[in-house]
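So the sequence lines, in the order shown, correspond to chains A and B.
Mind the numbering: the first sequence is residues 1 to 159 in this note's numbering, read in order.
Mind the numbering: the second sequence is residues 160 to 318 in this note's numbering, read in order.
There are 2 protein chains.
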Amino acid sequence: MDRIDSSLIALRRIIRTTELFGREIRQATGVTPAQFRVLQIISESGFVTAKTISMRMQVSQGTVTSLVDKLVRDGLALRQKSSEDRRQIHILLTNAGRETLVDAPDPLQQRFVRKFRAMEDWEQAMLVANLERVATMLDAEDLDASPVLATGEIRPAGA
Amino acid sequence: MDRIDSSLIALRRIIRTTELFGREIRQATGVTPAQFRVLQIISESGFVTAKTISMRMQVSQGTVTSLVDKLVRDGLALRQKSSEDRRQIHILLTNAGRETLVDAPDPLQQRFVRKFRAMEDWEQAMLVANLERVATMLDAEDLDASPVLATGEIRPAGA
DNA sequence: GACAAAACTTCAACAGTCAAAGCAAAATTA
DNA sequence: TAATTTTGCTTTGACTGTTGAAGTTTTGTC
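Quick look at the structure:
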């Protein structure tokens, strides 16, 4: 088998793992990956507007509304009208929401980090360099990449 | 920024690219990524059973039925009762289905392959090794078998 | 021949997603 | 200041992907 095949297969394995992980996270937290990601985005800033979430996730506002609806329904987040700009709505976490994040740290990421830490210094450096190279090869330059592995699922745009 | 963050960001970029690519493929072919994958799986073997697709995609049979329904509806695939085992149904491509595959070559993959080919021999070898390593690091399989000494909390990045 | 297993489909129920339309609050402009 | 446009968000309607459970048909087995 040639190297091109090997590399493509490895890449596919990486991607597939993250796909399958969506199911894992749901099992562990009772929250879907998309909802989990919203939770993470909120928690990064304390509170956040729907617009922000929409842009960070590259998803329409309607989608954000529906995601936040579910988080609110399940008592993980709250909506709160902004007093400065009444068009805006601040979305923030409840204690239950914070707990969900704390109690369910990203196992995929943990798995990776744990193994990464076990590597020799030079191995770590090499791995980082190669990952970055691959990312660049795929032309993923100008993306908002936060150091969080929790991925949304690969989903088609609806009709 | 430490190496852990760098590596997670790079990984995230890779994953994000493939996510966005799903939209690209839909745009280019009029077929959703899931349906496209089914098309690819069929074409690898000429014809295929629902069970096979289900296993290959790690998805329930009901899902496969619904995906194939759509491909048939759109004239890209056909169902054909097996004569050996009448429980089985062979799924195969129509000409339109084959065309969809041909007309929509994988730009993400091409992109990668082109750049990969341009690399030095030793660089290619190193890249493959690192990708495979990452794939293994993310795989859940060896979780039980891995000699994990660190029982302590692993910080969820970002939070 | 009765019964279990296998391969599919059907059905009901969700989640995620979008586009388009609607509403309310700012911002801009006349 | 009044009218108009823009901005932020929700609602609605529609569609895909997905599952699990129940049902159908065909095989296989005792």
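From the three backbone atoms N, C-alpha and C, an ideal C-beta is built for every residue, glycine too.
Confirm the yes/no value for this check: CB of residue i, any heavy atom of the ligand GTP, distance under 7 Å.
| i | result |
| --- | --- |
| Ala-288(B) | The model on display carries no ligand, and the ligand GTP is accordingly not part of it. |
Can you pull the DSSP bridge partners for residue i?
| i | result |
| --- | --- |
| Phe-206(B) | Leu-251(B) |
| Lys-81(A) | Ile-89(A) |
Can residue i and residue j be called in contact, C-beta distance under 8 Å?
| i | j | result |
| --- | --- | --- |
| Arg-232(B) | Ile-248(B) | no |
| Thr-65(A) | Ala-77(A) | no |
| Leu-131(A) | Ala-169(B) | yes |
| Leu-226(B) | Gln-194(B) | yes |
| Lys-210(B) | Gln-217(B) | no |
| Val-128(A) | Ile-91(A) | no |
| Ala-263(B) | Gly-234(B) | no |
| Leu-167(B) | Gln-109(A) | yes |
If residue i sits next to residue j, beta carbons under 8 Å apart, how far is it from one beta carbon to the other, in whole angstroms?
| i | j | result |
| --- | --- | --- |
| Arg-276(B) | Leu-138(A) | 15 Å between Cβ atoms; not a contact. |
| Val-190(B) | Thr-259(B) | 6 Å |
| Pro-33(A) | Ile-25(A) | 6 Å |
| Ile-174(B) | Thr-18(A) | 5 Å |
Buried or exposed: which applies to residue i, given that a residue is buried once 16 or more other Cβ atoms fall within 10 Å of its Cβ?
| i | result |
| --- | --- |
| Gln-27(A) | exposed |
| Arg-245(B) | exposed |
| Val-113(A) | buried |
| Gly-205(B) | exposed |
| Arg-12(A) | exposed |
Practice task
Within the stretch 2-71 of chain A, note down every full alpha helix (DSSP H) run reaching 4 residues or more, in order along the chain.
Solution key: 3-29, 33-45 and 50-57
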